[in-house]
DNA sequence: CTGAAAGCGCTTACAG
DNA sequence: CTGAAAGCGCTTACAG
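Residue numbers (my numbering), protein chains in the order written: chain P, 17 to 357; chain W, 17 to 357.
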């Protein structure tokens with residue numbers, strides 16, 4: 017059997033050289049024309065693009081990454097996928113980046129800084145084009161790795177005024193303050209805070225809650241119920257019962273997340289406790305179903321899809337090396353008053 | 017200012033050559049040792065691995081992909097991220113693949129075969145290591161592209177007996193049949209089917225529903241309410257009301273998904289319709305909150321995390337070129353009877 | 001069991 | 001504005 021004449025390992029793929037040959041230019045020129053680099057004669061650009069289309073040329077991302085030392089990958093580091101909040105962010109990021117040829121990569125940290133650091137180490141070795149991370153709480157060496165990599169990085173969900181740091185989010189503390197103030201406006205005086213997971217953003221909301229109650233002299237640490245367990249509808253039901261049992265005079269509860277609040281509402285129904293008659297209930301995030309509960313749930317609508325979109329757009333600009341008008345984008349939040357308060 | 021002596025573009029990265037040099041072997045041997053290719057002396061393997069660890073060597077995925085014509089990427093094509101079902105699958109896939117060095121990539125098709133085909137075209141150009149796709153309904157050219165690529169592919173959620181096709185899932189039709197039979201066992205005679213989205217798997221459940229009712233001569237097309245809109249709690253509430261208005265004698269409703277069923281339960285409460293007294297309600301998938309509703313929701317628990325894990329493991333074997341005992345894995349489903357029926 | 005050479009398909013740095 | 005040469009960091013195919 018005859019051996020192949022050369023040692024070529026051709027994949028049968030249409031390469032840049034094929035396109036260049038068809039267009040009658042050098043591969044370098046073809047490369048420049050295709051990437052839209054300026055300084056190529058218009059006519060050549062036309063010829064190259066036509067040839068590429070005709071041959072069905074698709075650039076090889078691996079070759080491009082190796083030569084340019086930069087891939088099209090954008091890791092998105094979020095705590096969990098089981099929280100619809102982060103799925104919405106990830107979905108929006110993917111929707112914006114994909115048409116620009118960038119690939120959003122899933123990174124799940126499980127609220128664990130060490131896991132995040134390990135993930136960062138792995139992803140940074142892939143020479144990502146950009147990076148999206150949740151919040152600001154991370155290990156010192158994670159922080160340094162990001163800085164040392166030189167990879168553009170945008171922080172999600174929280175705000176900071178630190179110089180040279182890019183972020184898109186809203187003030188978690190202000191949001192916690194706002195919904196607490198709403199409860200006070202409803203003439204409530206024994207306002208509880210019930211939380212799970214106890215991640216940094218939850219604790220920032222707690223801070224807003226405390227600040228608000230302290231301003232009017234109604235803060236009572238007994239009214240805080242903090243569980244490190246993962247947030248869920250079922251846990252919300254349990255914590256609701258526990259709160260009413262241990263603090264029978266509570267007249268309002270601010271749950272740090274809607275799933276907990278929905279569980280609380282369901283527990284109230286089961287126990288025959290009038291909402292908002294005996295106790296007002298408020299949630300956070302306006303998740304699916306909150307507008308359908310009985311009674312419908314008062315909550316804070318958070319702009320998670322917008323955060324995903326805006327952070328992706330900001331990253332796009334940074335990856336292109338464009339200057340930004342603002343390092344931080346505050347997308348705010350919206351108090352959504354319904355029947356439960 | 018002195019020019020750099022060479023044209024090197026070194027990234028300052030620790031490369032395979034550094035490791036090889038430190039271990040006193042050639043780069044080829046180092047490569048083989050690190051990849052666990054057999055045929056390398058044990059002692060050398062030890063030396064190379066020690067050197068790699070000591071230098072903090074991380075292989076460059078782009079270089080590896082270019083040389084081997086195969087990346088570590090595994091696109092996972094799912095209809096939507098807003099359905100918790102697919103998030104659970106994606107999460108499980110990622111959990112299994114990541115520790116093996118593979119990267120799960122998000123691909124959202126929005127239930128659109130053309131969009132899926134376009135996505136496939138893009139992803140296949142990235143030389144994926146493997147491919148995970150949802151179900152079997154796709155364009156003919158999508159099917160051909162997958163086959164022609166030679167990339168190992170596992171199909172999710174549904175079963176087939178087609179030869180040479182890999183799948184992990186359960187029989188959607190059997191599940192639809194099973195829950196309908198349960199409703200009949202509860203002495204219901206006017207059993208309705210309410211569905212949204214109308215994707216292939218929903219329609220397979222519909223087929224199971226029809227088959228079951230036809231077997232006992234109780235099938236009535238008037239009792240089917242099919243909406244092409246996206247599934248949601250709110251839509252479930254609307255469809256529940258519509259069903260009871262147009263078919264007042266209905267005594268059971270099988271909703272094709274739990275979010276619809278939860279909406280139905282909420283609507284029933286709002287309207288003062290007794291469940292299961294006047295009408296029994298069943299859902300599908302056992303989503304978050306179904307066990308907390310009032311009444312708690314009877315449903316079919318589907319093994320979505322297991323599907324993600326098993327499909328990832330099957331793909332891992334295929335990517336290693338291992339032979340499989342079975343082309344298809346049926347993970348079944350579990351009827352979960354609660355208060356609503 | 002080990003290695004020198006070539007190649008994967010691009011882009012960078014330099015020259016003209 | 002365009003191009004010939006070199007290089008990115010690996011693995012394949014071949015030889016011994």
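Cβ coordinates follow ideal geometry from the N, Cα and C atoms, glycine included.
What separation, rounded to the nearest whole angstrom, lies between the Cα atoms of residue i and residue j?
i	j	result
residue 352 of chain W	residue 266 of chain P	36 angstroms
residue 177 of chain P	residue 184 of chain P	12 angstroms
residue 116 of chain W	residue 198 of chain W	42 angstroms
residue 65 of chain P	residue 224 of chain P	56 angstroms
residue 216 of chain P	residue 162 of chain P	20 angstroms
residue 182 of chain W	residue 171 of chain W	6 angstroms
residue 205 of chain P	residue 101 of chain P	31 angstroms
residue 94 of chain P	residue 62 of chain P	42 angstroms
residue 151 of chain P	residue 252 of chain P	25 angstroms
residue 78 of chain P	residue 246 of chain W	37 angstroms
residue 327 of chain W	residue 148 of chain W	8 angstroms
residue 104 of chain W	residue 97 of chain P	8 angstroms
residue 200 of chain W	residue 344 of chain W	31 angstroms
residue 18 of chain P	residue 28 of chain P	Only weak support exists for where residue 18 of chain P lies, its pLDDT of 33 falling under 50; the value from the coordinates is given anyway. In a straight line, the C-alpha of residue 18 of chain P is about 20 angstroms away from that of residue 28 of chain P.
residue 238 of chain P	residue 264 of chain P	12 angstroms
residue 34 of chain P	residue 135 of chain W	24 angstroms
residue 76 of chain W	residue 187 of chain W	42 angstroms
residue 131 of chain P	residue 157 of chain P	12 angstroms
residue 273 of chain P	residue 244 of chain P	13 angstroms
residue 220 of chain W	residue 74 of chain W	47 angstroms
residue 315 of chain W	residue 195 of chain P	36 angstroms
residue 240 of chain W	residue 229 of chain W	12 angstroms
residue 41 of chain W	residue 58 of chain W	13 angstroms
residue 231 of chain P	residue 125 of chain P	36 angstroms
Cβ closer than 9 angstroms: which chain W residues qualify as neighbours of residue i?
i	result
residue 87 of chain P	77 and 78
residue 134 of chain P	Result: empty, since nearest Cβ-Cβ is about 11 angstroms, beyond 9 angstroms.
Kindly list, in the order they appear in chain P, the residues whose Cβ is closer than 8 angstroms to that of residue i.
i	result
residue 248 of chain W	304
residue 286 of chain W	310
Name the chain P residues whose beta carbon is nearer than 9 angstroms to that of residue i?
i	result
residue 116 of chain W	What residue 116 of chain W touches in chain P: nothing, since even the nearest Cβ is about 12 angstroms away.
residue 282 of chain W	305, 308, 309 and 310
residue 122 of chain W	106, 107, 110, 114, 119, 120, 121 and 122
residue 279 of chain W	305 and 308
If you measure from the beta carbon of residue i to each beta carbon in chain P, is any gap under 9 angstroms?
i	result
residue 48 of chain W	no
residue 339 of chain W	no
residue 242 of chain W	no
residue 97 of chain W	yes
residue 160 of chain W	no
residue 212 of chain W	no
residue 275 of chain W	yes
Starting from residue i, find everything on chain W with Cβ-Cβ shorter than 7 angstroms and list it in chain order.
i	result
residue 142 of chain P	77
residue 297 of chain P	Within chain W, no residue comes near residue 297 of chain P; the closest Cβ sits about 15 angstroms away, beyond 7 angstroms.
residue 103 of chain P	97 and 103
Which residue marks the beginning of the beta strand (DSSP E) containing residue i, and which one marks its end?
i	result
residue 123 of chain W	119–124
residue 315 of chain W	315–317
Does the beta carbon of residue i sit closer than 9 angstroms to a beta carbon anywhere in chain W?
i	result
residue 81 of chain P	yes
residue 34 of chain P	no
residue 22 of chain P	The predicted position of residue 22 of chain P is uncertain, since its pLDDT is 42 and thus under 50; a value taken from the coordinates is nonetheless stated next. Not an interface residue.
residue 100 of chain P	yes
residue 258 of chain P	no
residue 138 of chain P	yes
residue 130 of chain P	no
Mind checking which residues open and close the alpha helix (DSSP H) that includes residue i?
i	result
residue 141 of chain P	129–141
residue 47 of chain W	43–50
Name the chain P residues whose beta carbon is nearer than 7 angstroms to that of residue i?
i	result
residue 253 of chain W	308
residue 74 of chain W	141
Validate contact between the stretch 255–274 of chain W and the stretch 288–301 of chain W using beta carbons, cut 8 angstroms, 3 pairs | yes
Self-check item: Segment contact, 8 angstroms Cβ cut-off, at least three pairs: the stretch 274–290 of chain W with the stretch 76–93 of chain W
Solution: no
For this session: Determine, using beta-carbon pairs with one atom in the stretch 47–57 of chain W and one in the stretch 115–135 of chain P, whether at least three such pairs fall under 8 angstroms.
Result: no
Spell out a yes or no on whether the stretch 299–315 of chain P and the stretch 273–283 of chain W are touching, meaning 3 or more CB-CB pairs, one atom from each, closer than 8 angstroms. yes
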